[in-house]
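Asker: Mapping to our numbering: the sequence shown position 44 is 56, numbers consecutive.
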Amino acid sequence: MTLAPSSTFPLQFELTPSQDAREEAEREVILSDPGFGKHFTDHMVQIDWTIDAGWHAASVIPYGPIQLDPSAAVLHYAQEIFEGLKAYRHADGSIWTFRPEKNAERLQRSARRLALPELATEDFVESLKQLIAVDGGWVPSAPETSLYIRPFMIANESFLGVRPSQRVAYYVIASPAGAYFTGGVAPVSIWLSTEYSRAGRGGTGAAKCGGNYAASLLPQQEAYENGCAQVLFLDGETGEHIDELGGMNVFFVHRGDKLVTPRLTGAILEGITRDSIIQLALDRGLTVEERDVTVDEWREGIASGEITEVFACGTAAVITPISALKSPDGTIGDENAPAGEFTMSIRQELTDIQYGRIEDRHGWLTRLG
Ligand SMILES: *Cc1c(COP(=O)(O)O)cnc(C)c1O
Numbered sequence: 013m014t015l016a017p018s019s020t021f022p023l024q025f026e027l028t029p030s031q032d033a034r035e036e037a038e039r040e041v042i043l044s045d046p047g048f049g050k051h052f053t054d055h056m057v058q059i060d061w062t063i064d065a066g067w068h069a070a071s072v073i074p075y076g077p078i079q080l081d082p083s084a085a086v087l088h089y090a091q092e093i094f095e096g097l098k099a100y101r102h103a104d105g106s107i108w109t110f111r112p113e114k115n116a117e118r119l120q121r122s123a124r125r126l127a128l129p130e131l132a133t134e135d136f137v138e139s140l141k142q143l144i145a146v147d148g149g150w151v152p153s154a155p156e157t158s159l160y161i162r163p164f165m166i167a168n169e170s171f172l173g174v175r176p177s178q179r180v181a182y183y184v185i186a187s188p189a190g191a192y193f194t195g196g197v198a199p200v201s202i203w204l205s206t207e208y209s210r211a212g213r214g215g216t217g218a219a220k221c222g223g224n225y226a227a228s229l230l231p232q233q234e235a236y237e238n239g240c241a242q243v244l245f246l247d248g249e250t251g252e253h254i255d256e257l258g259g260m261n262v263f264f265v266h267r268g269d270k271l272v273t274p275r276l277t278g279a280i281l282e283g284i285t286r287d288s289i290i291q292l293a294l295d296r297g298l299t300v301e302e303r304d305v306t307v308d309e310w311r312e313g314i315a316s317g318e319i320t321e322v323f324a325c326g327t328a329a330v331i332t333p334i335s336a337l338k339s340p341d342g343t344i345g346d347e348n349a350p351a352g353e354f355t356m357s358i359r360q361e362l363t364d365i366q367y368g369r370i371e372d373r374h375g376w377l378t379r380l381g
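1) Should residue 165 be counted as a contact of ligand 1 given a C-beta to heavy atom distance under 7 Å?
2) Is residue 372 helix, strand or coil by DSSP?
3) Are there 16 or more other CB atoms within 10 angstroms of the CB of residue 359, so buried, or fewer, so exposed?
4) Let me make sure I understand the geometry here. Which of 200, 214, 231, 222 has the alpha-carbon closest to that of residue 208?
5) Mind checking whether the beta-carbon of residue 39 lies closer than 7 Å to any heavy atom of ligand 1?
6) Could you tell me if residue 166 is buried or exposed, where buried requires 16 or more neighbouring beta carbons within 10 angstroms of its beta carbon?
7) Counting only runs of 3+ residues fully inside the region 147-208, write out the beta strand (DSSP E) ranges in chain order.
8) How about residue 286: is its Cβ closer than 7 Å to a heavy atom in ligand 1?
9) Rounded to whole angstroms, what is the Cα-Cα separation between residue 287 and residue 113?
10) Inspect the beta-carbon positions of residue 46 and residue 188 and report whether they are closer than 8 Å.
11) Helix, strand or coil: how does DSSP classify residue 98 here?
12) Any idea which residues DSSP pairs residue 110 with across the strands?
13) In the structure shown, what three-state DSSP assignment does residue 231 receive?
14) Could you tell me the boundaries of the alpha helix (DSSP H) in which residue 286 lies?
15) Does the beta carbon of residue 98 fall short of 7 Å from some heavy atom of ligand 1?
16) Please check the pair residue 54 and residue 75, which I expect to be a contact at CB under 8 Å, by giving their CB distance rounded to whole angstroms.
17) How close, in whole Å, do the beta carbons of residue 352 and residue 320 come, if the pair is a contact with beta carbons under 8 Å?
18) Which stretch, first to last residue, makes up the alpha helix (DSSP H) that contains residue 312?
19) At the level of alpha carbons, what is the spacing between residue 363 and residue 64?
20) At what residues does the alpha helix (DSSP H) containing residue 335 begin and finish?
21) By a C-beta neighbour count over all protein chains shown, 10 Å radius and 16 as the cutoff for buried, is residue 21 buried or exposed?
22) Is residue 326 buried or exposed, if buried means 16 or more other CB atoms sit within 10 Å of its CB?
23) Inspect the beta-carbon positions of residue 115 and residue 284 and report whether they are closer than 8 Å.
24) According to DSSP, residue 55 sits in a beta bridge with which residue or residues?
25) Examine the Cβ distances between the region 187-202 and the region 326-337 and report whether three or more of them are shorter than 8 Å.
26) Using the rule of at least 16 other Cβ atoms within 10 Å of the residue's Cβ for burial, across every protein chain shown, is residue 367 buried or exposed?
27) Going straight from the alpha carbon of residue 99 to that of residue 357, what length do you get?
28) In angstroms, rounded to a whole number, what distance separates the CA positions of residue 107 and residue 129?
29) Which same chain residues end up closer than 6 Å to residue 70 when comparing Cβ atoms and leaving out the 5 residues on each side of it in sequence?
Next up, the structure:
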């Protein structure tokens with residue numbers, strides 16, 4: 013089967029306004045304390061795809077339940093992929109997003125791996141603009157808040173046979189997000205999963221698909237039970253190299269202005285935050301190494317003082333300092349260690365760019381509204 017691109021390009025969107033959109037006062041109450049992933053805006057985007065017609069029927073419709081036949085392929089074989097990015101309100105009221113073409117390209121790569129149809133970058137970015145055009149009022153303005161945007165694609169053909177779905181739908185929903193760290197950026201301890209892997213060679217580790225997350229929930233639970241916020245996965249092949257956390261990439265700051273992060277092996281999700289941090293570090297004149305990193309190197313590096321800081325990164329939390337790695341074999345690092353200086357300054361720089369507080373010298377921002 014060949015995966016047809018959009019049949020009409022670029023797509024034209026049709027708007028069906030919601031009849032029960034929240035009043036401004038109600039929206040403001042939600043935006044004053046949005047939490048994360050709890051509240052959703054009044055509309056969503058839907059674009060349909062069939063093997064015969066390609067992408068078509070692009071629309072902005074009232075937010076609400078999706079009807080699926082119980083035999084819909086996604087419910088049985090997890091043919092699903094997603095993205096995550098944010099809309100930021102700048103001081104002048106304008107609304108921007110960060111490197112959306114990177115998300116579009118990653119969605120295309122995920123689609124290829126999951127045998128789903130690719131959505132053109134222009135249509136992806138337009139889908140974000142279309143949603144913000146009606147729901148821009150949902151982008152909060154308090155410091156470090158944003159509107160989290162979740163594009164996703166599901167196989168919705170009613171068919172129990174095992175083959176790529178011949179009917180697919182792409183959606184975009186959005187959810188206001190409060191500041192991730194309310195009492196200041198707090199370092200976390202993470203749990204080393206020795207029993208479970210997130211991805212294997214030739215598997216779906218590099219695709220942003222729901223199935224990877226389903227597989228991470230049990231080890232994530234183990235992390236919680238051990239007082240840790242996140243789980244760290246090793247590579248599935250040798251169990252020696254550090255891959256990443258359940259939903260974030262990891263970095264090590266070395267003495268002497270060096271940044272080290274696991275290389276993209278095909279089992280690691282290529283984070284856009286990761287890529288941006290590498291660029292900002294290079295701009296600062298740091299040496300950046302993308303290579304294999306072992307738990308032994310982490311242990312020895314902390315003991316010798318070679319590794320001075322460790323942090324995780326991803327769109328939702330931006331950068332989270334890691335104070336310690338816990339496992340049945342003991343703890344590496346100091347659980348009570350404060351956030352490192354480089355960690356905090358690179359976090360500041362990245363968020364300053366995203367919120368328009370400093371110059372966007374790499375042209376990373378796209379205006380949405
Ligand atoms: C989304 C995701 C990341 C972070 O990617 P960003 O583009 O930086 O948000 C890292 N790891 C996994 C497994 C992810 O799903």
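Even glycine gets a Cβ: it sits at the ideal position worked out from N, Cα and C.
Answerer: According to the structure data:
1) Numbered from its first residue, the sequence shown carries residue 165 at position 153. No, the Cβ of residue 165 stays beyond 7 Å of every heavy atom of ligand 1.
2) For the purposes of this step, residue 372 is taken as the residue at position 360 of the sequence shown. Note: residue 372 maps to coil in three-state DSSP.
3) Here residue 359 is taken as the residue at index 347 of the sequence shown, counted from 1. Around the Cβ of residue 359, a 10 Å sphere holds 16 or more other Cβ atoms; the residue is buried.
4) As a first step, residue 208 must be located in the sequence shown, where it is residue number 196. Checking every option, the nearest Cα to that of residue 208 belongs to 231.
5) As a position in the sequence shown, residue 39 is number 27, starting the count at 1. Set against 7 Å, the gap from the CB of residue 39 to the closest heavy atom of ligand 1 is not smaller.
6) Counting from one through the sequence shown, the residue named residue 166 turns up at place 154. Classification for residue 166: buried.
7) DSSP runs (the beta strand (DSSP E)) wholly in the region 147-208: 158-167, 179-189, 200-205.
8) Mapped onto the sequence shown, residue 286 falls at position 274. Yes, Cβ of residue 286 sits closer than 7 Å to a heavy atom of ligand 1.
9) For the purposes of this step, residue 287 is taken as residue 275 along the sequence shown, with counting starting at 1. For the purposes of this step, residue 113 is taken as residue 101 along the sequence shown, with counting starting at 1. When rounded, the distance between both Cα atoms is 13 Å.
10) Within the sequence shown, numbered from 1, the residue matching residue 46 stands at position 34. Within the sequence shown, numbered from 1, the residue matching residue 188 stands at position 176. Residue 46 places its beta carbon less than 8 Å from that of residue 188.
11) Here residue 98 is taken as the residue at index 86 of the sequence shown, counted from 1. In the three-state reduction of the DSSP assignment, residue 98 falls in the strand class, which pools E and B.
12) As a working mapping, residue 110 is identified with position 98 in the sequence shown. Residue 110 is bridged to 377.
13) Against the sequence shown, residue 231 aligns to sequence position 219. Helix.
14) For the purposes of this step, residue 286 is identified with residue 274 of the sequence shown, where counting begins at 1. Boundaries of the alpha helix (DSSP H) harbouring residue 286: 284-295, taken from the DSSP string.
15) Along the sequence shown, one-based indexing puts residue 98 at 86. Checking the Cβ of residue 98 against ligand 1 gives no.
16) By 1-based counting over the sequence shown, the position of residue 54 is 42. By 1-based counting over the sequence shown, the position of residue 75 is 63. Taking C-beta atoms under 8 Å as the contact rule, residue 54 and residue 75 qualify, at a distance of about 6 Å.
17) Within the sequence shown, numbered from 1, the residue matching residue 352 stands at position 340. Within the sequence shown, numbered from 1, the residue matching residue 320 stands at position 308. A Cβ-Cβ distance of about 6 Å is found for the pair residue 352 and residue 320, placing them in contact under the 8 Å criterion.
18) Reading the sequence shown from its first residue, position 300 is the one you call residue 312. According to the DSSP assignment, residue 312 belongs to the alpha helix (DSSP H) that extends over 307-316.
19) By 1-based counting over the sequence shown, the position of residue 363 is 351. By 1-based counting over the sequence shown, the position of residue 64 is 52. Put simply, the backbone Cα of residue 363 is about 43 Å away from that of residue 64.
20) Position 323 of the sequence shown, counting from 1, holds the residue named residue 335. For residue 335, no alpha helix (DSSP H) encloses it; the enclosing beta strand (DSSP E) starts and ends at 330-339.
21) Translated into positions along the sequence shown, residue 21 becomes position 9. Exposed, because fewer than 16 other Cβ atoms sit within 10 Å of the Cβ of residue 21.
22) Within the sequence shown, numbered from 1, the residue matching residue 326 stands at position 314. Under the 10 Å beta carbon count, residue 326 is surrounded by 16 or more other beta carbons and is classified as buried.
23) Translated into the one-based positions of the sequence shown, residue 115 becomes position 103. Translated into the one-based positions of the sequence shown, residue 284 becomes position 272. Cβ atoms of residue 115 and residue 284: closer than 8 Å.
24) As a position in the sequence shown, residue 55 is number 43, starting the count at 1. The partner list for residue 55 (beta bridge, DSSP) reads 74.
25) Taking 8 Å as the limit for Cβ pairs, the verdict is that the region 326-337 does touch the region 187-202.
26) The residue you call residue 367 lines up with position 355 of the sequence shown. By the 10 Å Cβ count, residue 367 comes out buried.
27) The sequence position of residue 99 within the sequence shown is 87, counting from 1. The sequence position of residue 357 within the sequence shown is 345, counting from 1. In a straight line, the C-alpha of residue 99 is about 22 Å away from that of residue 357.
28) Reading the sequence shown from its first residue, position 95 is the one you call residue 107. Reading the sequence shown from its first residue, position 117 is the one you call residue 129. The straight-line gap separating the alpha-carbon atoms of residue 107 and residue 129 is approximately 29 Å.
29) For this step, residue 70 is matched to residue 58 along the sequence shown. Here residue 70 has 23, 25, 59 as same chain residues with Cβ atoms under 6 Å from its own Cβ, once five neighbours each way along the sequence are excluded.
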